[in-house]
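*Asks:*
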Amino acid sequence: GVISIAVALQGRGEMADEPVVELMGIPEQAGSEGSMFDLIVEAIYSGFESLPRARRRDADAVGEAIRRSVRGAVNAAWSKKPTCHVLVLEI
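With the working numbering applied, the sequence shown covers 1 to 91.
(1) Run through the DSSP bridge pairs and tell me what Ile3 is partnered with.
(2) Going straight from the alpha carbon of Ile91 to that of Met36, what length do you get?
(3) Please report the distance separating the alpha-carbon of Leu3 from that of Leu23.
(4) Which whole-angstrom value describes the C-beta separation of Leu9 and Val74, a residue pair presumed to lie in contact below a C-beta threshold of 8 Å?
(5) Taking the Cβ atom as the reference point for each residue, do Ala43 and Ser79 lie within a distance shorter than 8 Å?
(6) Just to confirm before moving on: does the CB-CB distance between Ala16 and Ala77 stay below 8 Å?
(7) Taking the C-alpha atoms as reference points, what is the distance between Asp58 and Val20?
(8) Would Pro113 and Gly13 be called neighbours here (beta carbons separated by less than 8 Å)?
(9) I need the straight-line Cα distance from Phe48 to Pro27, nearest angstrom please.
And the structure:
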């Protein structure tokens with residue numbers, strides 16, 4: 001499966017809006033966890049918030065933190081590690 005994520009960051013290292021998520025070849029349900037989409041969105045915010053505020057201004061660090069968090073969450077729910085593309089837009 002493939003997960004594509006787009007996140008827009010403001011200059012202060014804050015998300016400008018909700019992340020955009022597209023799933024391909026990923027199940028809709030995450031077993032007892034509920035919706036896979038909701039699980040992924042939670043993982044996006046968890047990965048983003050795990051970074052210190054100063055590192056949230058670094059697009060590469062944000063992208064990698066989100067990628068790792070999402071892959072880990074999906075692996076825990078589905079026992080597979082999907083390809084995960086993260087696009088970080090700085091506005």
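Think of the CB as a built atom: it goes at the ideal place given N, C-alpha and C, for glycine as much as any other residue.
*Replies:* Considering the structure as presented:
(1) If you number the sequence shown from 1, residue 3 lands on position 3. The partner list for Ile3 (beta bridge, DSSP) reads Leu23 and Cys84.
(2) Within the sequence shown, the letter at position 91 stands for residue 91. Within the sequence shown, the letter at position 36 stands for residue 36. Between Ile91 and Met36, the C-alpha separation is close to 29 Å.
(3) Start at 1 with the first residue of the sequence shown, and residue 3 comes out as number 3. Start at 1 with the first residue of the sequence shown, and residue 23 comes out as number 23. Position check: residue 3 holds Ile in this sequence, whereas Leu was assumed. Rounded to whole angstroms, Ile3 to Leu23 spans 5 Å at the Cα level.
(4) As a first step, residue 9 must be located in the sequence shown, where it is residue number 9. As a first step, residue 74 must be located in the sequence shown, where it is residue number 74. Their Cβ separation, rounded to whole angstroms, is 23 Å, which puts Leu9 and Val74 out of contact at 8 Å.
(5) Here residue 43 corresponds to residue number 43 of the sequence shown, with the count starting at 1. Here residue 79 corresponds to residue number 79 of the sequence shown, with the count starting at 1. Going by C-beta atoms, Ala43 is not nearer than 8 Å to Ser79.
(6) Indexing the sequence shown from 1 puts residue 16 at position 16. Indexing the sequence shown from 1 puts residue 77 at position 77. In this structure, Ala77 does not lie closer than 8 Å to Ala16 by Cβ.
(7) Looking up residue 58 in the sequence shown gives position 58. Looking up residue 20 in the sequence shown gives position 20. Distance between the alpha carbons of Asp58 and Val20 is about 19 Å.
(8) Residue 113 lies beyond the range of the chain shown here (1 to 91); nothing can be said about it.
(9) Counting from 1 along the sequence shown, the entry for residue 48 is found at position 48. Counting from 1 along the sequence shown, the entry for residue 27 is found at position 27. One C-alpha to the other measures close to 24 Å.
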